[in-house]
Each structure stands twice: as structure tokens, then as C-alpha cells.
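Participant:
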Amino acid sequence: MLPAVSPVVVAERVTKWYGPRRAVADVSFSIAPGEIVGLLGPNGSGKSTIFRMLTGYLVPTSGRIAVAGHDVVEDSIGVRRAISYVPEDAPLYDHMRVGEFLHFMAGLKGLHGAKARAAVDEAAERLDLVRVMKLTAGKLSRGFRQRVSIAQALLGNPDVLVLDEPTSGLDPHQVIAVRDLIQSLAGRHTVLMASHILPEIEKIASRVMILLDGVLLTSDALKDAAPDFRLRLSADASLESIRAAADAVAGVHDIVAAADEGGRFLVAADRRPALAADLLSALVGAQIAVRELTELRPDLERVFLDLTRQPEAAA
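If you read the sequence shown in full-length UniProt numbering, its first letter stands for residue 1, the second for the next number, and so on.
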């Protein structure tokens, strides 16, 4: 049996007051190493406040936050070594060349000489910045400014990356480039990103938390909406023959014919990594021609609207 993996980010009953206004209310969550987690919520819901507490810019009024085992209040320096933050407005020194800025940031993170050069070169290559290294930041497009901000965050190989609205204001090509970059970070870094754009969160994140008026409504919106693992199957066979072939696959609960057209089925099963592969193997072994076998995910927009309307309905 594999040992349990300790979370790299832990928030326990965190509350933040700004004078008489409560911005975050009793929020608790944890994030495992290598996860890409989306924090979704309308503007003013408390996303940026949570990020600023995670990174040590703000102190919680009550509750506890730890990053990579470091408490944000008792060991803020340890937290800042383990985490990198990219705020929404991508702040850069406009008079500095991109290369100068990245070397400056590397020095702030304790990288000097050959180590700094290697880290800057790697970040520039990953972010496709080699061609703009001699340009001043003030001459960069918004898309390149965002890339430079993410590049400086990667310097020093932090455990956690916090990205606040990373695709805000970008054109469609820039959005796709940033999205692909964030997805490439999974596994090597833990990523927590905020957005109010539902399709972007849905495409990037493996788990979605929803925040409204400082209250965390769910720490896994898609799982809460559909706790069962479901697959869409398209095959040239009858329902009876598909059920017979799948009978030996552990974890398959039920298979029903889809209502829309013939040859399409819905499979309800346990959520385990090898289930789809085992089912496909069983179907092929029974000489059933499979055209499609894909996981069905709930509609995040519907989940978001259902959750955020609950307080209104109860009022």
C-alpha cells in the first residue's frame, strides 16, 4: 500500500476582516502536490484575498494557513521560498530589459552566477521569451508581459504557483498559449489559479473550488455534482452484448442505452485510473467495435449557477 501524500497547501478555518467588512469567512481546503486547482468566483468574492494570505502579503484574522509545511504567520520567509505569485496586472519594471528583470528576480530568490543563468535560460526557453530578452518590458504586448511574469515565478523551482486571473485581457491565441503552459506545469508544480471565466478553469484545472461572498461553497465542484464516474461509449453492438462483455470488469455498475441515438451508451462505474482501459480491453476481447470511450464531466457552468443561486433561494 502506497503511503498517503501530505497536502502541500492547507487552509484551516481562515477568516479575514477588513475593518467592519468580512472578505473571507471560515474557509478550509487542502491541495495535493502536483494538482492544478481552480478557484472560481465572481469579482469581489474573496479570491485575491485568499491568494494574498497564502503568499504572506496579508495575515489571516483567524485560522491557519501552511504552505509546504511552513506556517504563513510563524514562518513567512519559508512560505515565500516555497511559493511564487503572479498577480492579475502582471507588474514589471518597464525600464528594465526582460533579461535584466529575470536575472534581478533570480537574485532576489537566492540564485547567482551559473545557477541564475541556467534558471533564467530555462524559464526563457519554456515561456518562448528568447526573442524578447533584450527588449524593455514597457515595449511588450500584454501577452508577453504575462509570460515574463510567469517566467519569474518559475525561477527557483517553487513548490507552489499562485496565478490570479492569468488569462485576463489576453487575445484568443495568447489565452491558448498560457493555458497550454499552465497544463504543462502539472506534476512538477502545484498550481492554484483564480478566474471568473468558467471555460478556462474547466479546461485547465483538475479540481474546481467555488467561492462566493468569501464563503467556500465547494472544494470539488465537479465531483460534488457527479460523484459517480461516467463514460460515454459508442459501439456497434447491442446493449445485452456490451453488458455481457463488461460483466467481468471490476467497478462497472450499470450500462444504459443513450436516449439520443442507437449505438451510444452511458456507463456508470467506480472512479479508478485503469477502469476505462479495462473496459476497452474487455469490449475488444469480445470482438465489439468501439468507436468512442470518453469520460463525461458535468457542465461546470450549470454547477456554478446552481451553487451560487442557493444563497439567493434561501434568502
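A virtual CB, placed ideally from N, CA and C, is assigned to each residue, including glycine.
The structure displayed is predicted, hence computed values, not measured ones.
How close, in whole Å, do the beta carbons of A32 and G214 come, if the pair is a contact with beta carbons under 8 Å?
Facilitator: As a working mapping, residue 32 is identified with position 32 in the sequence shown. As a working mapping, residue 214 is identified with position 214 in the sequence shown. The Cβ separation is near 24 Å, so there is no contact.
Participant: Do you know whose CA, among Y18, D159, G113, lies nearest A68's CA?
Facilitator: Within the sequence shown, the letter at position 68 stands for residue 68. Measuring from the Cα of A68, the nearest candidate turns out to be D159.
Participant: Measure the beta-carbon distance from A153 to L39 and round it to whole angstroms, keeping in mind my assumption that it falls under 8 Å.
Facilitator: Here residue 153 corresponds to residue number 153 of the sequence shown, with the count starting at 1. Here residue 39 corresponds to residue number 39 of the sequence shown, with the count starting at 1. Rounded, the Cβ-Cβ distance is 17 Å, inconsistent with contact.
Participant: Should E202 go down as buried or exposed, given a rule of 16 or more other Cβ atoms within 10 Å for buried?
Facilitator: Here residue 202 refers to the residue found at position 202 when the sequence shown is read from its first residue. The residue in question, E202, is buried, as its Cβ has 16 or more Cβ neighbours within 10 Å.
Participant: Run through DSSP, which three-state label would H196 get?
Facilitator: Your numbering for residue 196 matches position 196 in the sequence shown. In the structure shown, H196 sits in coil (DSSP, three-state: anything other than H, G, I, E or B).
Participant: Please work out which residues of its chain come closer than 8 Å, Cβ to Cβ, to residue 316, disregarding the five sequence neighbours upstream and downstream, and give them in chain order.
Facilitator: Given that the chain is displayed from residue 1 to residue 315, the structure contains no residue 316 and the question cannot be resolved.
Participant: Contact between the segment 118-133 and the segment 74-92: three or more CB pairs below 8 Å?
Facilitator: Too few Cβ pairs lie closer than 8 Å, so no.
Participant: Name, in chain order, the residues that DSSP records as bridge partners for M209.
Facilitator: Along the sequence shown, one-based indexing puts residue 209 at 209. DSSP output for M209 lists L39 as bridge partner(s).
Participant: With contact counted as at least three CB pairs below 8 Å, one residue from each stretch, are the segment 168-181 and the segment 95-105 in contact?
Facilitator: No: fewer than three Cβ pairs fall under 8 Å.
Participant: For R291, count neighbouring C-beta atoms within 10 Å of its own C-beta (all shown protein chains included) and say buried if the count is 16 or more, exposed if not.
Facilitator: Counting from one through the sequence shown, the residue named residue 291 turns up at place 291. Classification of R291: exposed, given that the 10 Å Cβ count is below 16.
Participant: How long is the line joining the alpha carbons of P166 and P87, rounded to whole angstroms?
Facilitator: If you number the sequence shown from 1, residue 166 lands on position 166. If you number the sequence shown from 1, residue 87 lands on position 87. So the alpha carbons of these two residues sit roughly 8 Å apart.
Participant: With distances taken Cα to Cα, identify the nearest neighbour of D254 among L266, A276, L216, L293.
Facilitator: Taking the first residue of the sequence shown as 1, we reach residue 254 at position 254. Among L266, A276, L216, L293, the Cα nearest to that of D254 belongs to L266.
Participant: Beta-carbon within less than 8 Å of A137's beta-carbon, same chain only, minus the 5 sequence neighbours each way: which residues are those?
Facilitator: Here residue 137 is taken as the residue at index 137 of the sequence shown, counted from 1. If we look at A137 and ignore the five residues flanking it on each side, its Cβ neighbours are L92, Y93, D94, H95, M96, R97, V98, F101, R145, V148.
Participant: In chain order, what residues of the same chain have a beta carbon less than 7 Å from the beta carbon of G41, not counting five sequence neighbours either side?
Facilitator: To locate residue 41, count along the sequence shown from 1; it is residue 41. Within the same chain, G41 has close Cβ partners K47, H196, I210, L211, L212.
Participant: Just grab the DSSP bridge partners of Y18 for me.
Facilitator: Here the question's residue 18 lines up with position 18 in the sequence shown. DSSP lists R21 as partners of Y18.
Participant: So, helix, strand or coil for E292, using DSSP?
Facilitator: The count along the sequence shown starts at 1 and reaches residue 292 at position 292. Residue state, collapsed to three classes: strand.
Participant: Near K16, which residues of its chain fall below 7 Å by C-beta distance, leaving aside the five closest residues on each side in sequence?
Facilitator: Residue numbering aside, residue 16 sits at position 16 when the sequence shown is read from its first letter. Hits under 7 Å: A23, V24, T49, M53, L58, P60, T61.
Participant: State buried or exposed for S28, treating a residue as buried only when at least 16 other CB atoms are found within 10 Å of its CB.
Facilitator: Residue numbering aside, residue 28 sits at position 28 when the sequence shown is read from its first letter. It is exposed - the Cβ of S28 has fewer than 16 other Cβ atoms within 10 Å.
Participant: Smallest Cα separation from I83: which of R64, G63, F104, K109?
Facilitator: Here residue 83 corresponds to residue number 83 of the sequence shown, with the count starting at 1. Selected option, being the one with the closest Cα: K109.
Participant: Name the two residues that bound the continuous beta strand (DSSP E) containing T218.
Facilitator: Here residue 218 refers to the residue found at position 218 of the sequence shown. 215-218 is the extent of the beta strand (DSSP E) around T218.
Participant: Between which two residues does the beta strand (DSSP E) harbouring D164 extend?
Facilitator: The count along the sequence shown starts at 1 and reaches residue 164 at position 164. It spans 160-164 - the beta strand (DSSP E) in which D164 sits, taken as one unbroken run.
Participant: Does the distance from the C-beta atom of A246 to that of L280 stay below 8 Å?
Facilitator: If you number the sequence shown from 1, residue 246 lands on position 246. If you number the sequence shown from 1, residue 280 lands on position 280. Cβ distance not < 8 Å, so A246 and L280 don't count as in contact.
Participant: Buried or exposed: T294, going by 16 or more other Cβ atoms within 10 Å of its Cβ?
Facilitator: Here residue 294 corresponds to residue number 294 of the sequence shown, with the count starting at 1. Answer is exposed; the Cβ neighbour count stays below 16.
Participant: Please name the residue, chosen from P273, L233, L222, V284, that lies closest to E301 on a Cα-to-Cα basis.
Facilitator: The residue given as residue 301 occupies position 301 in the sequence shown. The shortest Cα separation from E301 among P273, L233, L222, V284 belongs to L222.
Participant: Check whether the Cβ atoms of R264 and S234 sit closer than 8 Å, and answer yes or no.
Facilitator: Mapped onto the sequence shown, residue 264 falls at position 264. Mapped onto the sequence shown, residue 234 falls at position 234. Contact: yes.
Participant: Measuring only from the beta carbon, is N43 closer than 7 Å to any heavy atom that is part of the ligand NAP?
Facilitator: The ligand NAP is not among the ligands present in this structure, which contains no ligands whatsoever.
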